[in-house]
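Residue numbers (my numbering), protein chains in the order written: chain A, 1 to 249; chain B, 1001 to 1222.
As structure tokens, this is what we get:
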């Protein structure tokens, strides 16, 4: 362990992480705004009209990034929960708890925008195929995680119990991802792959990637804000929080 | 090793026999819940036989879920669960015993009475047979997954609703393939695929759920 350089483990203490998070939030907010404006511009003005679906397909530029984020955030949440189990760090479970509402929001957005896309494209608002059902289950898993955390009063038991539940549910994420390969579903298969060239126009791919970055930066900014509130609430009996509250008054 | 399992199994079966109301409550809830559907949907045979597999499976799910609260709560309240956690036998093994006893008390009666309810809703003999088999394979999965939920919510207020919230998303695949098996038989396709997948769920749950439940118990009792 080098004696110079950043001592990363120092930031696993809520007291040290609190000011750092505060300084990072404006940067991520700015990045989210920049990517958002750029992404929406490309989505609406640069990406061409789809030859089969017309203009309605443009909701894909919200739907796909939201769906990706919903799965990604769940995995990150499960990783933080595992870190809380393994190393017994309070901040890890605070981060997991802060991630859940944002993940649930993106899951809801994915389902909602998917419905709006489904009506013009398939003629129905909803269908019980594998991918939609497993995404709905993901929403229920997020809600279950948040309810379990809120239902237990003792913070350490709450963190560990809900962390275990999140780990049990993480198996749903690969099911969502591979559902279009394993079953004949109404939802289209993967058009973007690491191995083959994408089957869509380059500007559409750009728009999706930029909007994903926008949602990612937004998630980081919002989660850091939420974890700061979580830190203040759980550490309210410490001297540094009391001093902070006193000087804010 | 099996001695510990046998001991817990015998103890829980004895307790269940001494308190038959728990077993009978689950059974009667199942019967009543299924009987509500003809009253609500209307008595046309075609409609009823079409929705029968789903209705019976959903009622079985809800009945299994309602019985989860009592899996560990009594032992938790009088301190026996703590003693089990401290015992030299592995807690996962003791959990397997408890889950087996729970299934024998709440899952197996559902399997046995399901054909009668299927007849009530107008299912044919082939479908009744597959319904029984799908429930026979599926209800242990419900007990195993439910054990995790029951262990996570030990001693919490509002426990019943909270268990439902945790456990129902995990039950959905079992429901889909269980009811799907009966639907497949009625459509003339085989139920092998669905039943194989249910059996796979059973194996998966039997391997991972006891260990997860033991971890959840340790979280809840400390």
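Ideal Cβ positions, reconstructed from N, Cα and C, are used throughout, including at glycine. Here the structure is a predicted model, which means the values were calculated and not measured.
Contacts around residue i, its chain only, beta-carbon distance under 7 Å, and the 5 residues preceding and following it disregarded
| i | result |
| --- | --- |
| residue 103 of chain A | 70, 73, 74, 77 and 142 |
| residue 81 of chain A | 93, 96, 163, 166 and 167 |
| residue 1202 of chain B | 1137, 1140 and 1141 |
| residue 1212 of chain B | 1148 |
| residue 1116 of chain B | none |
| residue 55 of chain A | 49 |
| residue 1070 of chain B | 1022 |
| residue 1029 of chain B | 1063 and 1066 |
| residue 155 of chain A | 234 |
| residue 153 of chain A | none |
| residue 115 of chain A | 125 and 126 |
| residue 1005 of chain B | 1093, 1096 and 1097 |
Local conformation of residue i per DSSP, three classes
| i | result |
| --- | --- |
| residue 54 of chain A | strand |
| residue 1204 of chain B | helix |
| residue 1158 of chain B | coil |
| residue 129 of chain A | coil |
| residue 184 of chain A | coil |
| residue 1190 of chain B | coil |
| residue 48 of chain A | coil |
| residue 1222 of chain B | coil |
| residue 1122 of chain B | coil |
| residue 93 of chain A | helix |
| residue 1087 of chain B | coil |
| residue 1001 of chain B | coil |
| residue 5 of chain A | coil |
| residue 1153 of chain B | coil |
| residue 135 of chain A | helix |
| residue 123 of chain A | coil |
| residue 1082 of chain B | helix |
| residue 154 of chain A | coil |
First through last residue of the alpha helix (DSSP H) which encompasses residue i
| i | result |
| --- | --- |
| residue 84 of chain A | 60-87 |
| residue 171 of chain A | It is not in any alpha helix (DSSP H) - residue 171 of chain A carries neither H nor E in the DSSP assignment. |
| residue 1077 of chain B | 1073-1078 |
| residue 1100 of chain B | 1091-1102 |
| residue 218 of chain A | 202-234 |
| residue 11 of chain A | First-last for residue 11 of chain A: undefined, no H or E at that position. |
| residue 1065 of chain B | 1045-1066 |
| residue 1040 of chain B | 1020-1041 |
| residue 1070 of chain B | Segment: none, residue 1070 of chain B is in no alpha helix (DSSP H) and carries neither H nor E. |
| residue 242 of chain A | 239-248 |
Of the residues the options, the one placed nearest residue i, counting alpha carbons only
| i | options | result |
| --- | --- | --- |
| residue 1074 of chain B | B/1184, B/1164, B/1098 and B/1112 | B/1098 |
| residue 63 of chain A | A/85, A/29 and A/113 | A/113 |
| residue 67 of chain A | A/20, A/108 and A/116 | A/108 |
| residue 205 of chain A | A/14, A/47, A/19 and A/18 | A/47 |
| residue 29 of chain A | A/239, A/241, A/236 and A/224 | A/224 |
| residue 147 of chain A | B/1064, B/1068, B/1158 and B/1171 | B/1158 |
| residue 1150 of chain B | A/161, A/222, A/132 and A/155 | A/161 |
| residue 1001 of chain B | B/1093, B/1061, B/1032 and B/1038 | B/1093 |
| residue 1173 of chain B | B/1163, B/1199, B/1108 and B/1188 | B/1199 |
| residue 256 of chain A | A/9, A/15, A/241 and A/26 | Here chain A has residues from 1 to 249 only, and residue 256 of chain A is not among them. |
| residue 1154 of chain B | B/1078, B/1100 and B/1112 | B/1078 |
| residue 183 of chain A | A/153, A/131 and A/174 | A/131 |
| residue 24 of chain A | A/239, A/221, A/226 and A/88 | A/221 |
| residue 212 of chain A | A/171, A/200 and A/32 | A/32 |
| residue 122 of chain A | A/239, A/144, A/140 and A/53 | A/53 |
| residue 173 of chain A | A/202, A/133 and A/150 | A/133 |
| residue 13 of chain A | A/5, A/90, A/36 and A/60 | A/90 |
| residue 1161 of chain B | A/176, A/144, A/101 and A/139 | A/144 |
| residue 1049 of chain B | B/1179, B/1014 and B/1222 | B/1179 |
Whole-Å CB distance - residue i paired with residue j, under 8 Å assumed
| i | j | result |
| --- | --- | --- |
| residue 210 of chain A | residue 42 of chain A | 6 Å |
| residue 231 of chain A | residue 18 of chain A | 5 Å |
| residue 178 of chain A | residue 65 of chain A | In fact, because the Cβ distance is near 20 Å, the residues do not count as touching under 8 Å. |
| residue 21 of chain A | residue 228 of chain A | 5 Å |
| residue 1081 of chain B | residue 1217 of chain B | 6 Å |
| residue 1133 of chain B | residue 1195 of chain B | 6 Å |
| residue 1027 of chain B | residue 1109 of chain B | 5 Å |
| residue 84 of chain A | residue 159 of chain A | 6 Å |
Residues of its chain near residue i, where Cβ-Cβ distance is below 6 Å and the 5 sequence neighbours each way are ignored
| i | result |
| --- | --- |
| residue 1130 of chain B | 1181, 1182, 1185 and 1191 |
| residue 1215 of chain B | none |
| residue 50 of chain A | 57 |
| residue 119 of chain A | 125 |
| residue 1143 of chain B | 1099, 1102, 1103 and 1107 |
Spatial neighbours of residue i in its chain, beta-carbon cut-off 8 Å, leaving aside the 5 residues before and after
| i | result |
| --- | --- |
| residue 1034 of chain B | 1055, 1056, 1059, 1117, 1120 and 1121 |
| residue 1145 of chain B | 1167, 1170, 1171, 1174, 1205 and 1209 |
Under 7 Å from the C-beta of residue i: neighbouring residues of chain E
| i | result |
| --- | --- |
| residue 1051 of chain B | Here the protein chains are A and B, and chain E is not one of them. |
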